[in-house]
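Residue numbers (the numbering used here): 46 to 366.
As C-alpha cells, this is what we get:
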C-alpha cells in the first residue's frame, strides 16, 4: 500500500500545482500517442521530465520490433520539437520482454530504471502517464516498491467494471496481462482509464484534424502527416475519424473539470481475464466519464503553443517498412 491516499491524489490532480510527469508510450502503435507529447510540452500545468518507450506486438510485428519502433517514433516526435543545440527531451528504451513471458517477474530496462530513479528523487507526487502496455511501470514497482509512496500511475487500460461479462479484452492490457494484473494488485496510487464507454468518446474526424493542424509548426506537420497516412490506409474518403484515446491522460491533469471519477475496490483480474470483485481490496480511482469537446479544445491549444526548433522527419525509414 501507499501513504498517498486517493483523496490526496484527487486533490492534487485538481490543484494548480505544476505536475512533473513521465510519459510511458507505445508511440508507434497508433497515431494518438504522438499527439500526447506536444500536448504535455505545450501545457503550462505539466512538466515533461522524460519519455519512455513501451512495447507492443500484434500481427506480424514482434515485441522486439514494436519496442524498437516505439523508441524511434518517440525520438522522431521529440526531434520535431527540440532542435540541435536545445535541451533534448530524454527518451528511454524498453525491453521487448513482457512480465507475462517471465511468469510475472519484473523486466528491467533503461525505461524502468528511469521511473525508479526519477521517483526516488521526486520531492512531490510524480505522475507516470502509462498509455500503452504497463510493463515498465509494473516492473519498476516490483523492483523498487518504495516508489509507491512517490508516484501516481494514470493508466489507459482495461474496460469499465460493469460492462457485459466485465472482460479485459483491451489492447493495452492484453499486451502484457501479468503486468496489468500486478499493477492492479500492487497498491500503487492508480487512476484507471477504461477504453470502452469512457476514453472511446475522444473521436475526431479528418476535417477537424486538418483544420487544426494545417500550416503549423514542424510537430504539427508531423501530426498532420500521420493523419493523412492513417486516412489513406483506411481506404475511404468520407466520414473518416480516429479515436484519440491517449489524450485523456494529460487532460486529466491539465483540465481536471473534464472528468468524473469514482473510488472503487481494485478489481481482480482472474485467469479468464475477466474482472472479479472483493470489497476488502485496496481502492483505486476509476475514470467514469470525459467531456470530449473540452479535452480537444485544450489539446489543440497546447499543441499550438509548443515552440518548435526542430524539423519534420519522415515517419518510416526504408528498413522499417
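By construction, the Cβ of each residue, glycine as well, lies at the ideal position given by its N, Cα and C atoms.
#1: Going by other Cβ atoms of all chains shown within 10 Å of its Cβ, with 16 needed for buried, is residue 193 buried or exposed?
#2: Pull the bridge partners of residue 224 from the DSSP assignment, please.
#3: Using only the alpha-carbon positions, how far apart do residue 342 and residue 348 sit?
#4: Quick check: residue 146 and residue 181, are their CB atoms within less than 8 Å of each other?
#5: Cβ atoms of residue 65 and residue 99: under 8 Å apart, would you say?
#6: Is there contact between the region 155-165 and the region 223-234, where contact requires at least three CB pairs shorter than 8 Å?
#7: Ignore the nearest five residues each way along the sequence and tell me which others in residue 188's own chain have a CB closer than 8 Å to its CB.
#8: Relative to the alpha-carbon of residue 184, which residue among 143, 242, 168 and 117 has its alpha-carbon at the smallest distance?
#9: Return the CA-CA distance between residue 369 and residue 149, expressed in angstroms with no decimal places.
#10: Using only alpha-carbon positions, find the residue among 191, 335 and 267 that is nearest to residue 41.
#11: Could you tell me if residue 170 is buried or exposed, where buried requires 16 or more neighbouring beta carbons within 10 angstroms of its beta carbon?
#12: Taking residue 67 and residue 95 to be in contact with their CB atoms under 8 Å, please state how far apart those CB atoms are, rounded to whole angstroms.
#13: Pull up the CB-CB distance for residue 87 and residue 351, whole angstroms please, since I reckon it's below 8 Å.
#14: Suppose you measure from the CA of residue 72 to the CA of residue 270; what does that come to, to the nearest Å?
#15: Taking 8 Å as the threshold (C-beta atoms), are residue 323 and residue 306 in contact?
#16: Under 8 Å: do the region 243-262 and the region 286-294 share three or more Cβ pairs, one atom per stretch?
#17: By alpha-carbon positions, which one of 111, 134 and 118 ends up nearest to residue 140?
#18: What residues in its chain sit with their C-beta under 8 Å from that of residue 209, if we drop five residues either side in the sequence?
#19: Taking the runs of the alpha helix (DSSP H) that are 4 residues or longer, which of them lie wholly in the region 319-355?
#20: If you run the structure through DSSP and keep just helix, strand and coil, what is residue 269?
According to the data block:
#1: With 16 or more other Cβ atoms inside 10 Å of its own Cβ, residue 193 counts as buried.
#2: Answer is none; residue 224 lacks a bridge partner.
#3: Cα to Cα, residue 342 sits roughly 10 Å from residue 348.
#4: No. Outside cutoff.
#5: Contact flag unset, no.
#6: Using a Cβ-Cβ distance cut-off of 8 Å, the region 155-165 and the region 223-234 are not in contact, since fewer than three pairs of beta carbons, one from each stretch, lie closer than that value.
#7: In chain order, 151, 153, 157 and 161 place their CB closer than 8 Å to the CB of residue 188, counting only its own chain and leaving out the 5 sequence neighbours on each side.
#8: In this structure, 143 is the residue among 143, 242, 168 and 117 with its C-alpha nearest to the C-alpha of residue 184.
#9: In the structure as shown, the chain begins at 46 and stops at 366. Residue 369 is therefore absent and cannot be evaluated.
#10: Look at the range of the chain in this structure, 46 to 366, and you will see that residue 41 is not part of it.
#11: Buried, since its Cβ has 16 or more Cβ neighbours within 10 Å.
#12: Yes, residue 67 and residue 95 are in contact; Cβ-Cβ is about 5 Å, under 8 Å.
#13: Indeed, because the Cβ distance is near 4 Å, the residues count as touching under 8 Å.
#14: CA-to-CA, the gap between residue 72 and residue 270 works out to about 15 Å.
#15: The answer is no: Cβ separation not under 8 Å.
#16: They touch, by the three-pair rule.
#17: Of the candidates 111, 134 and 118, the one whose C-alpha sits nearest the C-alpha of residue 140 is 111.
#18: In this prediction, residue 209 has a pLDDT of 48, which is less than 50 and means its spatial position is unreliable; what the coordinates show is noted afterwards. Nothing meets the Cβ criterion.
#19: As far as the region 319-355 is concerned, its whole alpha helix (DSSP H) runs of at least 4 residues are 337-350.
#20: Under the three-state reduction of DSSP output, residue 269 falls in the helix class.
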